[in-house]
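Following: one structure in structure tokens, then a few remarks.
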Amino acid sequence: ILDDDGIAAPGEIIRPNDILLNKVSIHTRGIPISSEPLLDSACRPAKQLYKGPEGESCVLDRVALSSDQNGNLSIKFLIRHTRRPELGDKFSSRHGQKGVCGIIIQQEDLPFSERGICPDLIMNPHGFPSRMTVGKMIELLGGKAGVSCGRFHYGSAFGEPSGHADKVETISETLIKHGFCYNGKDFIYSGFAA
């Protein structure tokens, strides 16, 4: 999981006792010879291991490198851990849309579409006007189009002017081509028997 620089690469799956950082510390000790100390340098390995719960794996999401005025390097790892949600858990998407888990429903009671597709997560739409996360809307459209055509879509709100992001029009055309509504909306039916 380590790159050539000895630092674990982002996106890697890590397990307990995996090496995140392979570094060497220089240990100096003074040996008095006559009046001046002679520094005897010794290198020793100082590997940084991931110390997580035994038997559970997680994903190394981001690695941040920074240094201070003296040139001392600091490395920070952002680790993402996946687990089953519980009532009261707080969620946040990568666009900053956040909410709290209010209910967990059995699969057979979930709403479903004409194609038999059940949502994994249902968001309250009243959160969009207050947070104004336009990128989240593009991400949702791109996610649905990506699943239907089998490719990733770049769903950033800031990439269109530079030409890096997929345009909303292109994503909408993909949805129409695969039999969905251009805006990604679907009719869903209640899973509870009436």
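Position one of the sequence shown corresponds to residue 9 (our numbering), numbered consecutively onward.
Backbone N, C-alpha and C fix where the C-beta goes; we use that ideal spot for every residue, glycine too.
Work out the CA separation of residue j and residue i for me, nearest whole Å.
| i | j | result |
| --- | --- | --- |
| ASP128 | LEU118 | 9 Å |
| THR205 | ILE111 | The structure shown does not extend to residue 205, since the chain spans only 9 to 202, so no value can be given for it. |
| THR182 | PHE195 | 19 Å |
| SER198 | PHE120 | 7 Å |
| LEU46 | ASN30 | No answer about LEU46 holds up, because its pLDDT of 49 lies below 50 and its placement is not dependable. |
| PRO137 | PRO53 | 53 Å |
| ASP11 | SER75 | 20 Å |
| CYS51 | LEU28 | 19 Å |
| GLU116 | PRO93 | 18 Å |
| THR141 | VAL155 | 22 Å |
| ALA17 | HIS89 | 16 Å |
| GLY151 | ARG23 | 29 Å |
| ARG159 | HIS186 | 13 Å |
| LYS55 | VAL108 | 38 Å |
| LYS175 | GLN77 | 42 Å |
Could you tell me how far apart the beta carbons of residue i and residue j are, in whole angstroms, since I believe they sit closer than 8 Å?
| i | j | result |
| --- | --- | --- |
| TYR162 | ALA173 | 5 Å |
| VAL71 | ILE83 | 7 Å |
| ARG139 | GLY104 | 7 Å |
| LYS144 | SER180 | Wrong, their Cβ atoms sit about 16 Å apart, outside the cutoff. |
Helix, strand or coil for residue i? Go by DSSP, reduced to three states.
| i | result |
| --- | --- |
| ARG123 | coil |
| GLN56 | strand |
| ALA204 | Here the chain has residues from 9 to 202 only, and residue 204 is not among them. |
| ALA16 | strand |
| ARG88 | strand |
| CYS51 | strand |
| LEU129 | coil |
| ASP144 | Sequence check: residue 144 is Lys here, not Asp. LYS144: helix per DSSP, three-state reduction. |
| GLY110 | coil |
| ILE184 | helix |
| CYS157 | helix |
As a quick exercise: from the options, pick the residue whose alpha carbon is nearest that of residue i.
| i | options | result |
| --- | --- | --- |
| SER33 | CYS126, GLN105 and ASN80 | ASN80 |
| PRO61 | ILE87, PRO53 and ASP76 | ILE87 |
| GLY63 | ILE21, PRO93, LEU95 and CYS51 | ILE21 |
| PHE99 | GLN115, ILE130 and GLN56 | ILE130 |
| GLN114 | PHE200, GLY19 and ARG23 | PHE200 |
| SER65 | ASN25, GLY151, LYS175 and ASP97 | ASN25 |
| LEU149 | PHE188, HIS134, ILE9 and LYS55 | PHE188 |
| GLY19 | GLY135, PHE85 and LYS106 | PHE85 |
| ASN132 | LYS193, LYS106 and LYS59 | LYS106 |
For residue i, does the count of other Cβ atoms within 10 angstroms reach 16, so buried, or fall short, so exposed?
| i | result |
| --- | --- |
| ILE184 | exposed |
| ILE15 | buried |
| GLU147 | buried |
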